[in-house]
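Chemist:
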Amino acid sequence: MLRVTKLTDYATVVLTVLAARPEQVLSATELAEAAGLEATTVAKLLKPLAQAGLVIGLRGVNGGYRLARSADAITLIEVVQAMEGPLAITECSQDHSNCGIAHQCGVRTQWRLINDVLADALRSVSLAQMLPPVSDNPGKRSINAALVS
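Straight run, no breaks: the sequence shown in the numbering used here ends on number 891.
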């Protein structure tokens, strides 16, 4: 089954906590509490997120973490790549693959097309769009129709 890792999923949760509080600097412990995750897990997530330029760590007594850019300017492809590396659903989806049958493969073109469609879908969704909806009916959810048409 094609799915993101648990750490990528958790990274998205942590980033949405920061996105919901853009004016605040939150410690790893505060982030863990707000996200419902273990502090050690959150600490493990913050390093690659900072290395990818998605969060900024501030030192000192009032230190902690905040988003490096607005939630509208961060896309899901950036989160996935920060946690998992370049998106490649097959070995031959990358330009420099090590696939032993790439020269005679009849499905490589289609896998690359599928990979590109998936990357475009992740690129089209911002972190702001991942925030829980603020509505009177929390049970009702919607999806961007452009993603499914």
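Glycine is no exception: its CB is placed at the ideal position from the N, C-alpha and C atoms.
1) Going by DSSP, which residues form a beta bridge with Ile-798?
2) Tell me the residue span of the alpha helix (DSSP H) that contains Ile-856.
3) Are at least three pairs of beta-carbons, each pair with one atom in the segment 782 to 790 and one in the segment 843 to 853, less than 8 Å apart?
4) With a CB to CB cut of under 8 Å and the five nearest residues on each side skipped, what residues in its chain are close to Trp-853?
5) Within the same chain, show all residues whose beta-carbon is closer than 6 Å to that of Val-755, passing over the 5 residues directly before and after it, in chain order.
6) Apply the 10 Å Cβ neighbour rule to Leu-768 and answer buried if 16 or more other Cβ atoms are within range, or exposed otherwise.
7) Starting from Gln-871, trace the alpha helix (DSSP H) both ways and give me its first and last residue.
8) What is the DSSP secondary structure of Leu-779, reduced to helix, strand or coil?
9) According to DSSP, is Thr-750 part of a helix, a strand, or is it coil?
10) Quick check on Thr-708: buried or exposed, where buried means 16 or more other Cβ atoms within 10 Å of its Cβ?
11) Tell me, please, which residues DSSP counts as bridged to Leu-788.
12) I need the DSSP call for Thr-832, collapsed to helix, strand or coil.
13) Out of Ala-753, Asn-804 and Val-797, which has the shortest C-alpha to C-alpha gap to Thr-782?
14) Go through its chain and collect everything with a Cβ distance to Asn-857's Cβ below 6 Å, but skip five positions before and after it.
15) Three-state secondary structure (DSSP) at Leu-757?
Modeler: In brief:
1) Arg-808
2) 850 to 865
3) Taking a cut-off of 8 Å on C-beta distances, the segment 782 to 790 does not touch the segment 843 to 853, as fewer than three cross pairs fall below it.
4) Ile-831, Thr-832, Cys-834 and Ser-835
5) Ala-777
6) buried
7) Per DSSP, Gln-871 is one residue of the alpha helix (DSSP H) stretching across 869 to 872.
8) Assigned with DSSP and collapsed to three states, Leu-779 falls in coil, not helix or strand.
9) Correct three-state label for Thr-750: helix.
10) Since the first and last residues shown for the chain are 743 and 891, residue 708 lies out of range.
11) According to DSSP, Leu-788 bridges with nothing at all.
12) coil
13) Ala-753
14) Once the five neighbours on either side are set aside, the close Cβ partners of Asn-857 are Ile-831 and Ser-835.
15) Looking at Leu-757 - three-state DSSP - the assignment turns out to be helix.
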